[in-house]
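Peer 1: Have a look at this one before I ask anything.
Number of protein chains: 2
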Amino acid sequence: MPEIDFWYEFASTYSYLAAMRAEPMARAAGVGLRWRPFLLGPIFAAQGWNNSPFNIYPAKGRYMWRDMERLCAERGLAFRRPDPFPQNTLLAARLAWAVPDDRRADFSRSVYLAEFAEGRDISDARLLASLLSELGLPADALLARAKSDEVKTRLRAETEAAQAAGVFGAPAFVTADGELFWGDDRLEQALGWARGKD
Amino acid sequence: MPEIDFWYEFASTYSYLAAMRAEPMARAAGVGLRWRPFLLGPIFAAQGWNNSPFNIYPAKGRYMWRDMERLCAERGLAFRRPDPFPQNTLLAARLAWAVPDDRRADFSRSVYLAEFAEGRDISDARLLASLLSELGLPADALLARAKSDEVKTRLRAETEAAQAAGVFGAPAFVTADGELFWGDDRLEQALGWARGKD
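Chains as they are written, first to last, in this note's numbering: chain A, 32 to 229; chain B, 32 to 229.
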């Protein structure tokens, strides 16, 4: 079965869209999905941005919020703008690498729903602990593990791997032969490429 | 029949994609298309950019060129990167407003093909004159008209109207009720919105 890397950042609105549909679509296409959360901050910083481009460029930001409203309405997804935007996602991303590999997708969707369907603050360790508990995961142990050198190093390495793969925004999809597709609206194309090249 | 504004800039690679498919798709959807060429330069300058973001941000630029190659191959369109990129599009845009309204689409497609299918320099007045002649249009008269105050003022007014509609990149589609859709890959959504609201 061909596989693609699904690169996502918890602060990214369009990553929320992709996270909510990627798994059923990949399954239907017969393509495996590797969930790879990373941090956009260092990649944006390398481009000279110290904030979200949606805040730096107001016309682009206004468009994105309206676009998200329309797309979420079309897909039957709740949408609420979190405050502040972007959220600090360091702890959530470390936790996503601390949970067992086969629970990463569940945990990630749960974080996105809290943030963008409910507008909650996902930098809050208590909120993240409650999301873990609802998934039947050991919150205290995982919060401790999220602070380990192993997990910190892993998240840094993933962010470097994203950058090395050419990722400059999120979500992004990378096929086994190194083709990069950027944006939730390119998920279909990425799956088609992965199938065609198998 | 509902109508949408099709905002495009001759230097824009994704506008080439949209220009080559917008008319048959709009016709099939029963939606009218108003072809509105404008200049991105003043809009980018207002965002602090004095060059294409694809040149300012190299990772984004590398992605765009590869993405264009893939999409053009998929759609059976020739693609050749013009040098320099972006092209100076002032004269082409003025000419697009100088030609009769019912020839603007033909002329615009012809400019895009010269630029992105053949990699030619569309700032060259002789090239533009030959494109006009091939379309059976009076090249000398139109080149003179392109330098008139009327046409210069029109292009400036169009660029201001694009900006006022929230346009921050090209191509963009704006429906009668003011909804903005950005990017060739949103053409379907824009047409659907225009139909739904009719």
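Idealized CB from N, CA, C, for every residue including glycine.
Mind checking if A:Y94 is an interface residue toward chain B, Cβ cutoff 8 Å exclusive?
Peer 2: Numbered from 1 along the first sequence, position 63 holds the residue referred to as residue 94 of chain A. Cβ-Cβ to chain B under 8 Å: yes for A:Y94.
Peer 1: If you draw a straight line from the C-alpha of B:V62 to the C-alpha of B:F41, how long is it?
Peer 2: Against the second sequence, residue 62 of chain B aligns to sequence position 31. Against the second sequence, residue 41 of chain B aligns to sequence position 10. Looking at the two C-alpha atoms, the distance is approximately 23 Å.
Peer 1: Using a beta-carbon distance cut-off of less than 7 Å, what residues from the segment 189–217 of chain B approach chain A?
Peer 2: Cβ contacts with chain A: G197, F199, L211, W213 and D216.
Peer 1: As an exercise, report each continuous alpha helix (DSSP H) stretch of at least 4 residues that is fully enclosed by the segment 119–156 of chain B, in chain order.
Peer 2: You should have 121–129 and 135–143.
Peer 1: Assuming contact is defined by CB atoms lying nearer than 8 Å, are A:D36 and A:F204 in contact in what I supplied?
Peer 2: Here the question's residue 36 of chain A lines up with position 5 in the first sequence. Here the question's residue 204 of chain A lines up with position 173 in the first sequence. In this structure, A:F204 lies closer than 8 Å to A:D36 by Cβ.
Peer 1: Under a Cβ-count criterion, where at least 16 other Cβ atoms within 10 Å of its own Cβ denotes burial, should A:D98 be classed as buried or exposed?
Peer 2: The residue labelled residue 98 of chain A in the question sits at position 67 within the first sequence. Classification for A:D98: buried.
Peer 1: Please compile the residues from chain B whose C-beta is within a distance smaller than 8 Å of the C-beta of A:Y88.
Peer 2: Position 57 of the first sequence, counting from 1, holds the residue named residue 88 of chain A. Chain B residues near A:Y88: Q78 and F199.
Peer 1: Rounded to the nearest angstrom, what separates A:R140 and A:A50 at their Cα positions?
Peer 2: For this step, residue 140 of chain A is matched to residue 109 along the first sequence. For this step, residue 50 of chain A is matched to residue 19 along the first sequence. Using only the alpha carbons, I get a separation of about 6 Å.
Peer 1: Pull out every residue of the segment 90–123 of chain B whose Cβ sits closer than 8 Å to any Cβ of chain A, in chain order.
Peer 2: Listed in sequence order: A90, K91, R93, Y94, R97, D98 and R101.
Peer 1: Three Cβ pairs or more, each shorter than 8 Å: is that satisfied between the segment 73–87 of chain B and the segment 194–201 of chain A?
Peer 2: The answer is no - the segment 194–201 of chain A does not touch the segment 73–87 of chain B, with fewer than three Cβ pairs under 8 Å.
Peer 1: Output needed for B:A124: all residues of its chain with C-beta closer than 8 Å, excluding positions within five of it in sequence on either side, in chain order.
Peer 2: As a working note, residue 124 of chain B is residue 93 in the second sequence. Only E40, F41, P68, F69, L70 and L186 meet the Cβ criterion.
Peer 1: Could you tell me which of A:R101, A:E146, A:S154 and A:L166 sits nearest to A:P131, measuring between CA atoms?
Peer 2: Position 100 of the first sequence, counted from the first residue, corresponds to residue 131 of chain A. Residue A:L166 is the option with its Cα nearest to A:P131.
Peer 1: Could you check if B:D215 is buried or exposed, using at least 16 other CB atoms within 10 Å of its CB as the buried criterion?
Peer 2: Here residue 215 of chain B refers to the residue found at position 184 of the second sequence. By the neighbour-count rule (16 or more Cβ atoms within 10 Å), B:D215 is buried.
Peer 1: Is DSSP giving A:L166 helix, strand or coil here?
Peer 2: What you label residue 166 of chain A is simply residue 135 of the first sequence in a count that begins at 1. The answer is coil: DSSP assigns A:L166 none of H, G, I, E or B.
Peer 1: Are A:L122 and A:A148 closer than 8 Å when you measure CB to CB?
Peer 2: On the first sequence, position 91 is the one that residue 122 of chain A refers to. On the first sequence, position 117 is the one that residue 148 of chain A refers to. No, they are not a contact pair.
Peer 1: With a cut-off of 8 Å on the beta carbons, I'd call A:L119 and A:S154 a contact; round off their distance for me.
Peer 2: Position 88 of the first sequence holds residue 119 of chain A. Position 123 of the first sequence holds residue 154 of chain A. Note on residue identity: the sequence assigns Asn, not Leu, to residue 119 of chain A. Sure, about 4 Å apart at Cβ, within 8 Å.
Peer 1: With DSSP run on the structure shown, which of helix, strand or coil describes B:A76?
Peer 2: Counting from 1 along the second sequence, the entry for residue 76 of chain B is found at position 45. Helix at B:A76.
Peer 1: Helix, strand or coil: which one does DSSP assign to B:D229?
Peer 2: Start at 1 with the first residue of the second sequence, and residue 229 of chain B comes out as number 198. Residue placement at B:D229 is flagged as unreliable, the pLDDT there being 45, under the threshold of 50; the coordinate-derived value follows with that caveat. Of the three classes helix, strand and coil, the one that applies to B:D229 here is coil, per DSSP.
Peer 1: Along the chain, where does the beta strand (DSSP E) containing B:Y88 start, and where does it finish?
Peer 2: Sequence index remark: in the second sequence, residue 88 of chain B carries index 57 (1-based). Premise fails: B:Y88 is in no beta strand (DSSP E) and is neither H nor E.
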